[in-house]
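Notes for the one structure printed next.
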Ligand SMILES: NC(=O)c1ccc[n+]([C@@H]2O[C@H](COP(=O)([O-])OP(=O)(O)OC[C@H]3O[C@@H](n4cnc5c(N)ncnc54)[C@H](OP(=O)(O)O)[C@@H]3O)[C@@H](O)[C@H]2O)c1
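And the structure:
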């Protein structure tokens, strides 16, 4: 779809990547319904993005905690009224650390926000999307939705799940007017990553992208209607190799494992 024909519902609009996506979409003529949890942050963002002209017909916002079914239903209604034809499931929550350090509540929270919420919102919005001549649903996943790395067990579970969901639904809706797509950014400089992740990235030589480069990739994904897109050449290759022969890569992440924390690692028997 051409961007100036897109009427977008963007979740996670107040975050680092969300703000860059909103800016890029608006600059290219899309209409954007911004969503996040904080009305104050959304109102400020809408003002900032609208500039002096305020573009009231192309920017609107609706606050919703996507983990709350009633709030999600209200967002669905606002999105239907907006005549949304592009849903971008971008909201997400981080998880990083040794698997043994996570409590059940944390694991449930990550899966709820990163996997169940986009599934529920996609399902809730499908009838309205089907009423549009053409529609697209973009799941913002991660390279870690194709490659599991030490430190990202719970996060990868959520993003692998999201990718599986996107792939199955894309095939289920093939031949319909709704296209399902998956974007896999690599590490990106936003508030999502804390000092521990920055240290891990430095220790392992992990490349870190800007949110603006993720926004450009997302815009290209909307225009191309490709099934999925990953950022970064080494990551693209690793994703392919990992898909074909994952065990070949098992030894490639010892540096990542070692940099998780200074606890001596057990020697596998
Ligand atoms: N940054 C990275 O390294 C990276 C790499 C690959 C993929 N990604 C993915 O890219 C997406 C955006 O990440 P980001 O870096 O922009 O993160 P971010 O700056 O932390 O922003 C997260 C966004 O998600 C929203 N959010 C979180 N929980 C929510 C909930 N329960 N209900 C509604 N909104 C909720 C936040 O809204 P509030 O304003 O209400 O907090 C915020 O707008 C995520 O899906 C992430 O997994 C990030």
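Numbering (my numbering), first residue to last: 403 to 671.
Each residue gets a CB set at the ideal place from its N, CA and C atoms; glycine is no exception.
On a predicted model such as this, the values are computed, not experimentally measured, just so you know.
>> With three or more beta-carbon pairs closer than 8 angstroms as the criterion, would you say the stretch 587-598 touches the stretch 540-551?
In response: yes
What whole-angstrom Cβ distance do residue 516 and residue 558 have, given they're in contact under 8 angstroms?
Against the chain shown, residue 516 aligns to sequence position 114. Against the chain shown, residue 558 aligns to sequence position 156. Not a contact, Cβ separation roughly 10 angstroms.
Practice prompt. Can you tell me which of the three DSSP states residue 490 falls into?
Written response: Counting from 1 along the chain shown, the entry for residue 490 is found at position 88. Residue 490: strand per DSSP, three-state reduction.
query = Unbroken beta strand (DSSP E) runs of length 3 or more, entirely within the stretch 553-577: which are they?
reply = none
- Task: Compute the minimum distance between the beta carbon of residue 498 and the heavy atoms of ligand 1, and state whether it is under 7 angstroms.
- Result: Counted from its first residue, the chain shown places residue 498 at position 96. No, ligand 1 has no heavy atom inside 7 angstroms of this Cβ.
Q) Nearest-angstrom Cα distance between residue 422 and residue 568? A) For the purposes of this step, residue 422 is taken as the residue at position 20 of the chain shown. For the purposes of this step, residue 568 is taken as the residue at position 166 of the chain shown. When rounded, the distance between both Cα atoms is 23 angstroms.
Rounded straight-line distance, which links the Cα of residue 526 to that of residue 533:
Position 131 of the chain shown, counted from the start, is the residue given in the question as residue 533. Position 124 of the chain shown, counted from the start, is the residue given in the question as residue 526. Approximately 13 angstroms, taken between the alpha carbons.
So, does the stretch 644-663 touch the stretch 588-602, judging by three or more C-beta pairs under 8 angstroms?
yes
Next item on the list: Leaving aside the five residues before and after residue 666 along the sequence, list all residues of the same chain whose C-beta is less than 7 angstroms from its C-beta, in chain order.
Entry: By one-based count along the chain shown, residue 666 stands at place 264. Note on residue 666: pLDDT 46, under 50, position unreliable in the model; the coordinate value appears next. Counting only Cβ-Cβ distances below 7 angstroms, and skipping sequence neighbours, we find nothing.
Please report the straight-line C-alpha distance between residue 616 and residue 419, rounded to a whole angstrom. Position 214 of the chain shown, counting from 1, holds the residue named residue 616. Position 17 of the chain shown, counting from 1, holds the residue named residue 419. Those two C-alpha atoms are separated by around 7 angstroms.
Practice prompt. On a CA-only basis, which of 628, 551, 471, 445 is nearest residue 519? Give me that one, please.
Written response: Walking along the chain shown from the start, residue 519 turns up at place 117. Among 628, 551, 471, 445, the Cα nearest to that of residue 519 belongs to 471.
- Message: Can you tell me where the alpha helix (DSSP H) holding residue 477 begins and where it ends?
- Response: In the chain shown, the residue the question calls residue 477 occupies position 75. Looking at the DSSP string, the run of the alpha helix (DSSP H) that includes residue 477 is 471-483.
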